[in-house]
Amino acid sequence: MKDPELCEDHEGPGVRTMKDPELCEDHEGPGVRTMKDPELCEDHEGPGARHQLIRPEHDLDQLICPEHDRPLEFYCRDHRQPLCVLCTYTLHKDHHTVPLKEQCEAQKKDLQQKIQERRGKVLEVQRSVDLSLTKANAEEEEGVQFFNDIIKSVLQSMVQFRQSIEKKHEEVKEDAEGLMADLQSEISELELRQKEMEEALNSDNHLDYIQFFTSVKPAPELNDWTEVSVQVPSYKGRFDIALSELKIKLFPKIRIAVEEALKQAKKYSVEVTLDPLTAHPNLHLSLRNKLVLCSPQVNPRVDNPQRFSKLYNVLGKEKFSAGQFYFEVQVKDKPQWFLGVTEGDANRKLKPDDLTPENGYWVKAGGNQRNRWSSTEKVGVFVDYDEGLVCFFDTETSTIVDSFTDCYFRTDVLPLLSPGSCYSDKNTAPLILTPVVA
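Written out as structure tokens, the structure reads:
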């Protein structure tokens, strides 16, 4: 097939020429290079030929730069297209260009890296499941040991306790299996693509390789697994909560165990001092910032992002980002109060209904008009940051009256106190941070 510029000595079947800086030594002339077609050029058979042989193609024009009539031997990563050598010095001279072979190897390496990353994520997810099971078994064992001592009376409670833990672990396991299935699906898809790419690379036709896997069969859409992980619940506190619920039925037998939970919590007692910079304008602090009460009289305080402006709250100055801590608050003679912890960067301008764990608040409401807290005079607040547990003790009865489990603290947490609304003569008593007596 005669091209616009042919080697005159080899016109006819089997010979096709392209201008190129490399000359055919047997046919010296301005810029002539030959390539073998299926019908061979007899004058250029044998080991002495200096021609570059390529596979016969149905459309060789795709191998040639339409702008410069030169072979496409480079790749522009900025514009994601093949180039000839002259393109790299003209339109694409300031772009990131590499040889086609290097681009092929880079794509192959990138594919292998994606597969390895996902295999590593599978292992990470499986380790999370194993850790969840270990923690579940540890907490379960402690509870079962106690329940076996009073099996006849607490069989039903023991079953509920075990189901609570096992259900939570099954939820973790189910989530993990879903993640692993998705990861495995992507791995299979990538491995299939890897196999196809390796087979295509055997042809040494890098241009065809690039065009096929860039345009005809582009890379599949993959999930970004960087921030994906399985949140392992702590399971902490379920046994203590079940223990407190049993106290009504088995008070003589469980009193010692319940008191032990509070005794252990008190080992982590800390001194909390209230922070005036966070106090609502209607709150008044005294006793070296250990006492807070609400009054209709507004304090002339400058507003700031740390100050509560819609809720009668105040925070402690102390921040906690690991371990356990415990503090006690006198709530005597108060029909309404709020206690708990909040994240340091939580929004301080929220409304009462927005004080939720989703917004960084783990707060419980109490008061002498609420059944569970009706006779409570002092509340102990215990926080296990690492295990995601917040417990509220009635210090007189040593019982856990309320709690949060499986908490996910994103930043450091601070104690939160609220004496409640001050627009009533029935709620004028203060909240007082008191020393912890072991």
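Numbering of the sequence shown is given in the numbering used here, commencing with residue 3 and proceeding in unit increments.
Heads up, the beta-carbon is just placed ideally off N, CA and C, and yes, glycines get one too.
Note that this is a predicted model, so its numbers are computed, not measured.
- Task: For aspartate 242, count neighbouring Cβ atoms within 10 angstroms of its own Cβ and tell me buried if that reaches 16, exposed if not.
- Result: For this step, residue 242 is matched to residue 240 along the sequence shown. Counting Cβ neighbours within 10 Å, aspartate 242 comes out buried, since at least 16 surround it.
- Between which two residues does the alpha helix (DSSP H) harbouring histidine 171 extend? For this step, residue 171 is matched to residue 169 along the sequence shown. Taken as a continuous stretch (DSSP letters only), the alpha helix (DSSP H) holding histidine 171 covers 153-203.
- Task: Kindly identify the DSSP beta-bridge partner or partners of serine 376.
- Result: Reading the sequence shown from its first residue, position 374 is the one you call residue 376. Beta-bridge pairing links serine 376 to no other residue.
- Item | Assigned exposure category for histidine 98 - 16 Cβ within 10 Å defines buried | In the sequence shown, counting from the first residue as 1, residue 98 sits at position 96. Exposed is the call here.
- valine 403 and aspartate 396 look like a contact to me (Cβ under 8 Å); what is the Cβ gap, rounded to whole Å? Mapped onto the sequence shown, residue 403 falls at position 401. Mapped onto the sequence shown, residue 396 falls at position 394. Confirmed, about 5 Å.
- Task: Classify proline 254 as helix, strand or coil using the three-state DSSP reduction.
- Result: Along the sequence shown, read from residue 1 onward, the residue named residue 254 stands at position 252. Helix.
- Message: Using CA atoms only, rank isn't needed, just tell me which of Met182, Leu185, Lys219 is closest to methionine 199.
- Response: In the sequence shown, the residue the question calls residue 199 occupies position 197. The option with the nearest alpha carbon to methionine 199 is Lys219.
- Three or more C-beta pairs closer than 8 Å, one from the stretch 279-292 and one from the stretch 363-379: is that the case here? no
- Measure the beta-carbon distance from lysine 137 to tyrosine 237 and round it to whole angstroms, keeping in mind my assumption that it falls under 8 Å. Indexing the sequence shown from 1 puts residue 137 at position 135. Indexing the sequence shown from 1 puts residue 237 at position 235. Indeed, because the Cβ distance is near 5 Å, the residues count as touching under 8 Å.
- Bridge partner(s) assigned by DSSP for phenylalanine 406: Here residue 406 refers to the residue found at position 404 when the sequence shown is read from its first residue. Note: phenylalanine 406 sits in a beta bridge opposite Val392.
- Message: Can you tell me whether serine 231 is buried or exposed? The criterion is at least 16 other CB atoms within 10 Å of its CB, across all chains shown.
- Response: If you number the sequence shown from 1, residue 231 lands on position 229. Serine 231 comes out exposed.
- Query: Pairing CB atoms from the stretch 426-440 with CB atoms from the stretch 342-350, are three or more of them under 8 Å?
  - Reply: no
- In angstroms, rounded to a whole number, what distance separates the CA positions of lysine 116 and aspartate 80? Indexing the sequence shown from 1 puts residue 116 at position 114. Indexing the sequence shown from 1 puts residue 80 at position 78. Answer to the nearest angstrom: the Cα atoms are 21 Å apart.
- Ordered list of beta strand (DSSP E) runs contained in the stretch 304-376, each at least 3 residues: 326-332, 339-345, 363-368
- Item | Three-state secondary structure assigned by DSSP to threonine 228 | What you label residue 228 is simply residue 226 of the sequence shown in a count that begins at 1. Three-state DSSP puts threonine 228 in coil, outside helix and strand.
- Query: For the 8 Å Cβ check, are there 3 or more pairs between the stretch 329-342 and the stretch 297-307?
  - Reply: no
- Message: So, for asparagine 225: in the same chain, excluding its five sequence neighbours on each side, which residues have a beta-carbon less than 8 Å away from its beta-carbon?
- Response: Taking the sequence shown and counting its residues from 1, the one referred to as residue 225 is at position 223. Correct list, in chain order: Asp184, Glu188.
- Between the CA atoms of glutamine 213 and proline 23 - distance to the nearest angstrom: Taking the sequence shown and counting its residues from 1, the one referred to as residue 23 is at position 21. Taking the sequence shown and counting its residues from 1, the one referred to as residue 213 is at position 211. Only weak support is given to the placement of proline 23: the predicted model assigns it a pLDDT of 44, under 50, and the question is left unresolved by the model.
- Task: Consult DSSP for alanine 431 and reduce its assignment to one of helix, strand or coil.
- Result: On the sequence shown, position 429 is the one that residue 431 refers to. DSSP places alanine 431 in coil when its eight states are reduced to three.
- Query: If you check the beta carbons only, do aspartate 277 and leucine 317 fall under 7 Å apart?
  - Reply: Position 275 of the sequence shown holds residue 277. Position 315 of the sequence shown holds residue 317. Yes, the Cβ-Cβ distance between aspartate 277 and leucine 317 is below 7 Å.
- Message: Using a 10 Å radius around the Cβ and a threshold of 16 neighbouring Cβ atoms, would you call glutamine 147 buried or exposed?
- Response: For the purposes of this step, residue 147 is identified with residue 145 of the sequence shown, where counting begins at 1. Under this definition glutamine 147 is an exposed residue.
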